[in-house]
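Novice: In the working numbering, the protein residues as written are 18 to 167. Glycine included, C-beta positions come from ideal geometry on N, C-alpha and C. These numbers were taken from a predicted model, which means no experiment stands behind them.
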Amino acid sequence: MVFLGKKHLHIPESDHIVDGLIRLLSSTNSGSIRLEFANKPAAEINIYSNDNFSKSSKKKIKVDLLEPGLFKLQDDDLSLFDNLRTATEFAQKLTDNMLTLSLLRKGKEAITLGEEAHPSFSRIITRSDDIQLNSLKESTKLRKDFKDED
Numbered sequence: 018m019v020f021l022g023k024k025h026l027h028i029p030e031s032d033h034i035v036d037g038l039i040r041l042l043s044s045t046n047s048g049s050i051r052l053e054f055a056n057k058p059a060a061e062i063n064i065y066s067n068d069n070f071s072k073s074s075k076k077k078i079k080v081d082l083l084e085p086g087l088f089k090l091q092d093d094d095l096s097l098f099d100n101l102r103t104a105t106e107f108a109q110k111l112t113d114n115m116l117t118l119s120l121l122r123k124g125k126e127a128i129t130l131g132e133e134a135h136p137s138f139s140r141i142i143t144r145s146d147d148i149q150l151n152s153l154k155e156s157t158k159l160r161k162d163f164k165d166e167d
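#1: Would Phe20 be called buried (16 or more neighbouring beta carbons within 10 Å of its own) or exposed?
#2: Nearest by alpha-carbon distance to Asp68: which of Ser49, Asn100, Thr45 and Thr112 is it?
#3: Tell me whether Leu121 is buried or exposed, calling it buried when 16 or more other Cβ atoms sit within 10 Å of its Cβ.
#4: Rounded to whole angstroms, what is the Cα-Cα separation between Thr117 and Asp162?
#5: Over what stretch of residues does the alpha helix (DSSP H) that includes Asp162 continue unbroken?
#6: Once DSSP output is grouped into helix, strand and coil, what is the label at Leu111?
#7: List the whole-angstrom C-beta distance separating Lys76 from Ser66, where the pair is believed to meet the contact cut-off of C-beta under 8 Å.
#8: Which residue marks the beginning of the alpha helix (DSSP H) containing Thr45, and which one marks its end?
#9: Give the single residue among Lys154, Asn114 and Ser156 whose Cα lies nearest to the Cα of Ser74.
#10: Ser137 lies in the alpha helix (DSSP H); which residues open and close that run?
#11: How is the beta strand (DSSP E) around Leu150 delimited, first residue to last?
Structure below.
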């Protein structure tokens, strides 16, 4: 999607995919999903809730990329700032819905987005209270894993 002006290459107000993902995460109280590739664990997704009986309780989603190289992204022409802006908008939507998303690389926390993010140094870069770099080292490794090197 290409938008001009402030919305250029970012999440529009009524993005059906992002809205659907947020609704799905909000309606799930707890659970786990384990993805395997060639009989080896590739990723685990765990959802925790403060209150399993209330759909409006705070939730934490942990996505552990056990084999991050399997999730390579196609090269795009987006700048670092375009990617940061999109991440900031997504993180704000998570916060607005009392959701926290943590990305882990092989069991080590790399990035936290949303409600429970407590940025320090990363606030200077992202200008957001909703994105926390838990580990610069793991975040950098994760970014390298996502890059399509083929």
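Specialist: According to the structure data:
#1: Start at 1 with the first residue of the sequence shown, and residue 20 comes out as number 3. Low local confidence applies: a pLDDT of 36 at Phe20 is under 50, so the model's placement there is unreliable, and no value is given.
#2: One-based indexing of the sequence shown puts residue 68 at position 51. Minimum Cα distance to Asp68 is reached at Thr45.
#3: As a working mapping, residue 121 is identified with position 104 in the sequence shown. By the neighbour-count rule (16 or more Cβ atoms within 10 Å), Leu121 is buried.
#4: For the purposes of this step, residue 117 is identified with residue 100 of the sequence shown, where counting begins at 1. For the purposes of this step, residue 162 is identified with residue 145 of the sequence shown, where counting begins at 1. Near 23 Å, if we compare the C-alpha coordinates of Asp162 and Thr117.
#5: Position 145 of the sequence shown, counted from the first residue, corresponds to residue 162. Per DSSP, Asp162 belongs to the alpha helix (DSSP H) from Leu153 to Phe163.
#6: Translated into positions along the sequence shown, residue 111 becomes position 94. Residue state for Leu111 is assigned as helix, using DSSP reduced to three classes.
#7: Residue numbering aside, residue 76 sits at position 59 when the sequence shown is read from its first letter. Residue numbering aside, residue 66 sits at position 49 when the sequence shown is read from its first letter. In this structure Lys76 touches Ser66 by the C-beta definition: roughly 5 Å separates them, less than 8 Å.
#8: Position 28 of the sequence shown holds residue 45. Taken as a continuous stretch (DSSP letters only), Thr45 belongs to no alpha helix (DSSP H), as it is neither H nor E.
#9: Reading the sequence shown from its first residue, position 57 is the one you call residue 74. Proximity to Ser74 across Lys154, Asn114 and Ser156 peaks at Asn114, based on C-alpha coordinates.
#10: Your numbering for residue 137 matches position 120 in the sequence shown. Secondary structure note for Ser137: it is in no alpha helix (DSSP H), with a DSSP letter that is neither H nor E.
#11: As a first step, residue 150 is located in the sequence shown; it is residue number 133 there, counting from the start. Where Leu150 is concerned, the enclosing beta strand (DSSP E) stretches over Ile148 to Leu150.
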